[in-house]
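Residue numbers for the sequence shown, in our numbering: 10 to 467. As structure tokens, the structure follows; a few thoughts come after it.
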Amino acid sequence: MIHFYLDTKFRTAIIMPFLVLYIVISAITFAEGENDYTLTASDLVAESAILMDQNTGQILFSKNENMPMYPASTTKILTAIIILEDLELTQEITITKDMEGVDGSGIALEAGEVLTVDELLHALLMVSANDAAEALAKTHSGTIEAFAKVMNERAASMGALNSNFQNPHGLPDPDHLTTSYDLAMIAKYAMQNETFKGIIMTPRYEIPANAVKPDIRFLNHTNKFIPGVPGSNEKIPYRNTNVTKGYELMTGIKSGYTTKALHCFVGAATLEGRSFISVIIKSQGNNMYIDTRKLIDYGLYGTITYQLYDLGEAVTTKTLEDKRETTIQLVTEGPLSVDLPSNISVADLTRQETIQDQITLPVEKGEILGRISYYLNDLLVCETNLVSADAYLGEDLITAETKAFDSPKNAFFTVKNIFSWTFKAFLALVLWRTLVTFNRLRQKRQNRILQRRQNRSI
Numbered sequence: 010m011i012h013f014y015l016d017t018k019f020r021t022a023i024i025m026p027f028l029v030l031y032i033v034i035s036a037i038t039f040a041e042g043e044n045d046y047t048l049t050a051s052d053l054v055a056e057s058a059i060l061m062d063q064n065t066g067q068i069l070f071s072k073n074e075n076m077p078m079y080p081a082s083t084t085k086i087l088t089a090i091i092i093l094e095d096l097e098l099t100q101e102i103t104i105t106k107d108m109e110g111v112d113g114s115g116i117a118l119e120a121g122e123v124l125t126v127d128e129l130l131h132a133l134l135m136v137s138a139n140d141a142a143e144a145l146a147k148t149h150s151g152t153i154e155a156f157a158k159v160m161n162e163r164a165a166s167m168g169a170l171n172s173n174f175q176n177p178h179g180l181p182d183p184d185h186l187t188t189s190y191d192l193a194m195i196a197k198y199a200m201q202n203e204t205f206k207g208i209i210m211t212p213r214y215e216i217p218a219n220a221v222k223p224d225i226r227f228l229n230h231t232n233k234f235i236p237g238v239p240g241s242n243e244k245i246p247y248r249n250t251n252v253t254k255g256y257e258l259m260t261g262i263k264s265g266y267t268t269k270a271l272h273c274f275v276g277a278a279t280l281e282g283r284s285f286i287s288v289i290i291k292s293q294g295n296n297m298y299i300d301t302r303k304l305i306d307y308g309l310y311g312t313i314t315y316q317l318y319d320l321g322e323a324v325t326t327k328t329l330e331d332k333r334e335t336t337i338q339l340v341t342e343g344p345l346s347v348d349l350p351s352n353i354s355v356a357d358l359t360r361q362e363t364i365q366d367q368i369t370l371p372v373e374k375g376e377i378l379g380r381i382s383y384y385l386n387d388l389l390v391c392e393t394n395l396v397s398a399d400a401y402l403g404e405d406l407i408t409a410e411t412k413a414f415d416s417p418k419n420a421f422f423t424v425k426n427i428f429s430w431t432f433k434a435f436l437a438l439v440l441w442r443t444l445v446t447f448n449r450l451r452q453k454r455q456n457r458i459l460q461r462r463q464n465r466s467i
């Protein structure tokens, strides 16, 4: 038997390359896992969720997005935007007895206090004050019932068609229901208001003392996604590590909790001009933060935005079957962009143009004549109207001043005929002038001959 002896250096020389190869492969695999921002319904604890492009309204992810759910204090987003649109921030509100003692979170309002709409809005959105919600609602509409009617009307105008709001704060009511989709549409609308955006990102605020409350009220925002607010440095497990709840890309918006609704959150985030709205309903504990991060990061890092058309960009033409065979230029009514998962490109989309079959003149500039749509696996991902680039005049709407130039009765006045007759008149004038000149010359010749004859006879 032959024995092989390997000293330490020799063994190291053999093992080391394999060890390095293993480390490299492991690092690549780990990196690929870290950059994988795919998302499925089972990845979320929340029972209902949605991710929406804040600019276009495109839905990038959804889970039971149309299921009626209890929204808890995310209700206050709608309350706030109604108040912002209908009341002045400087308007003073005197607190009455029926505005006191509302259940749940609040700022302990007392009858006789005088606060501004602005102060109550900060309490509403920063510390989710239910008493502030009722004070604002009753000031706006007189009663909670009347304000709830306004809420449902406004929600519908924002595209939230499957909601039934019963109060301004979201306290438990079996009929107070909405959906993830509706909350996203309400949030999308609210985020167009600069005052709203400012309040939801205010980390601290002071309500000054008054005759009834001698102490200043110090409000600390309860949204721990905002870096610097109390609790924002708490850690949560996320993507194989621990991260803080505070997330610098978040731009809002509002959390909510009741024992039936559990943890809800409507979020917003922006990175390099791309903005997204996230909604989760009925999550649990810290999963509210984890679910929201998964949604937001999927939008920011797991998708790519493609700009397909700019506002007013030419798309196609349409030739009409009128006497002149008018050709109409069709352009986009608005900019058209689409968010696609990073493993899908625009080449994977199916484009469809739909143009009206019967287009009759006149056509106004900006008149909707068609639509351009893009589909991914039969799912509509983006679309916009096609409109007329210019105004096109109809034969039957030629004005009285211009009718003579285009009517069969007065066809002489068409550009073509005017040119033709002018040319003919010029030829006639030349011919007449030639004949006159010829006759004059002939007459002179005849006169000279006659004169010679007379001279000879003498």
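Ideal Cβ placement from N, Cα and C applies to all residues, glycine included.
Under 8 Å Cβ to Cβ from residue i, same chain only, skipping five residues before and after it: list those, please.
i, result
"residue 336", "326, 327, 328, 329"
"residue 324", "318, 339, 340, 341, 362, 381, 395"
"residue 256", "234, 236, 278, 302, 305"
"residue 241", "233, 234, 235, 253, 254, 255"
"residue 179", "79, 80, 81, 82, 83, 84, 85, 185, 265, 267, 270"
"residue 376", "396, 397"
Rounded to whole angstroms, what's the CA-CA distance from residue i to residue j? Just pull it up for me.
i, j, result
"residue 270", "residue 79", "5 Å"
"residue 439", "residue 450", "16 Å"
"residue 151", "residue 94", "17 Å"
"residue 403", "residue 395", "20 Å"
"residue 447", "residue 429", "27 Å"
"residue 221", "residue 304", "45 Å"
"residue 457", "residue 432", "38 Å"
"residue 468", "residue 277", "The structure shown does not extend to residue 468, since the chain is modelled only from 10 to 467, so the question has no answer here."
"residue 128", "residue 103", "12 Å"
"residue 199", "residue 99", "20 Å"
"residue 114", "residue 349", "40 Å"
"residue 455", "residue 332", "60 Å"
"residue 352", "residue 314", "12 Å"
"residue 262", "residue 334", "54 Å"
"residue 146", "residue 251", "41 Å"
"residue 160", "residue 92", "10 Å"
"residue 228", "residue 216", "8 Å"
"residue 210", "residue 153", "27 Å"
"residue 437", "residue 453", "24 Å"
"residue 272", "residue 224", "32 Å"
"residue 346", "residue 143", "41 Å"
"residue 140", "residue 188", "25 Å"
"residue 75", "residue 182", "19 Å"
"residue 386", "residue 357", "9 Å"
"residue 71", "residue 49", "9 Å"
"residue 132", "residue 368", "55 Å"
Near residue i, which residues of its chain fall below 7 Å by C-beta distance, leaving aside the five closest residues on each side in sequence?
i, result
"residue 106", "120"
"residue 299", "245, 247"
"residue 406", "Its pLDDT being 49, under 50, residue 406 is placed unreliably in this model, and the value from its coordinates should be taken loosely. Correct list, in chain order: 371."
"residue 184", "173, 175"
Which of helix, strand or coil does DSSP assign to residue i?
i, result
"residue 278", "strand"
"residue 188", "coil"
"residue 384", "strand"
"residue 316", "strand"
"residue 337", "strand"
"residue 447", "helix"
"residue 353", "coil"
"residue 52", "helix"
"residue 429", "helix"
"residue 327", "strand"
"residue 285", "strand"
"residue 439", "helix"
"residue 460", "helix"
"residue 455", "helix"
"residue 304", "helix"
"residue 399", "coil"
"residue 195", "helix"
"residue 170", "coil"
Beta-carbon within less than 6 Å of residue i's beta-carbon, same chain only, minus the 5 sequence neighbours each way: which residues are those?
i, result
"residue 191", "169, 171, 172"
"residue 295", "245"
"residue 96", "126"
"residue 398", "338, 340"
"residue 359", "384"
"residue 297", "272, 274"
Taking only heavy atoms of the ligand GDP into account, decide whether any of them is closer than 7 Å to the Cβ of residue i.
i, result
"residue 329", "Looking at this structure, you won't find the ligand GDP or any other ligand, since it has none at all."
(message) Check whether the stretch 86-94 and the stretch 178-197 touch, using three or more Cβ-Cβ pairs below 8 Å as the test.
(response) yes
Every unbroken alpha helix (DSSP H) inside the stretch 197-274 [4 residues or more]: 203-209
- Task: Starting from the N-terminal side, write out each stretch of the alpha helix (DSSP H) that is 4 residues or longer and does not extend beyond the stretch 116-167.
- Result: 126-135, 139-150, 153-166
Is the stretch 292-311 touching the stretch 57-71 in the sense that three or more CB pairs, one from each, lie closer than 8 Å? yes
**Prompt:** Could you give the uninterrupted runs of the beta strand (DSSP E) lying entirely in the stretch 44-102, keeping only those of 3 residues or more?
**Reply:** 57-62, 68-72
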